[in-house]
Structure formats: structure tokens, C-alpha cells
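Everything below concerns the one structure shown next.
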Amino acid sequence: MALTQIDHVSGDEEMQECIDSCFECVQACEWCADECADEGEEMAECLRLCRDVADLAEMHARFMARNSGYSSDLAGITADACEECADECEQHDHEHCQVCADVLRDCAATCRNMASA
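Using the UniProt record's numbering, you'd call the opening residue of the sequence shown number 1 and step up by one each time.
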């Protein structure tokens with residue numbers, strides 16, 4: 001079965017956009033966290049937040065894919081975490097932090113849409 005045949009996802013463009021955004025967020029946050037690990041102690045908070053968000057975004061995408069009743073609650077938590085992490089990333093001049101912050105802002109917006117749905 002192709003993923004496009006999953007009724008609750010294929011019929012909902014907002015959900016599919018959020019799933020895609022969450023997986024992009026996971027990639028950006030894991031990259032940023034890995035780069036922050038090499039930057040020193042001053043990047044510890046950025047690293048921690050990126051790893052938290054990567055885990056939350058991945059879990060939220062999985063909950064949406066399984067049509068979980070907890071998905072909208074998790075969407076709000078994920079959006080909050082994305083925004084906090086983006087705020088932290090934006091404080092640093094590193095390219096990985098700036099790219100991550102942009103991805104985080106997009107993910108927060110799609111998650112907010114899902115939280116209000």
C-alpha cells in the first residue's frame with residue numbers, strides 16, 4: 001500500500017504538511033545539535049533544546065500518521081518547544097543555528113494549525 005492511500009493523511013493536506021514539517025524539523029535539529037556539540041559549553045542549551053524538539057516532532061509525526069486522539073495535544077506541545085528552541089537558535093550566529101531556527105518556525109506554524117483543528 002502506498003502512503004498516499006492512507007485515508008486520514010492523504011485527504012488532509014494540513015496534516016500531511018505538518019508531518020513533512022515535523023520530519024524536516026527532526027533533521028534540522030539533529031544536525032544543529034550535532035554541530036553544537038563541537039562548539040563548546042556555551043551551546044549546551046541549544047543542543048539540549050534541539051534534541052528535545054527532534055524527539056517531540058518525530059513523536060508528533062508518528063501520532064498523526066496513526067490518527068491518534070492525542071495528536072492535537074501533542075501538536076501544541078511541539079509548537080511550544082519549536083518556538084523556544086528557535087528563540088535559542090536565533091541567538092547564535094552559526095549557520096546551523098540560523099537554518100534550524102527557520103525550520104523550527106515553519107514547524108511551529110504547522111503544528112499550531114493542527115493543534116487548533
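C-beta: ideal position from N, C-alpha, C; glycine also. Values in this document were obtained by computation on a predicted structure and should not be read as measured data.
For ALA108, the enclosing alpha helix (DSSP H) stretches over residues 95-115.
With respect to CYS25, VAL103 sits close: the two C-beta atoms are nearer than 7 Å. The distance from the Cβ of HIS96 to that of GLU45 is about 15 Å, inconsistent with a contact at the 8 Å cut-off. If you check the CB distance, CYS22 and ALA81 do not come in under 7 Å. When DSSP states are grouped into helix, strand and coil, GLN27 belongs to the helix group.
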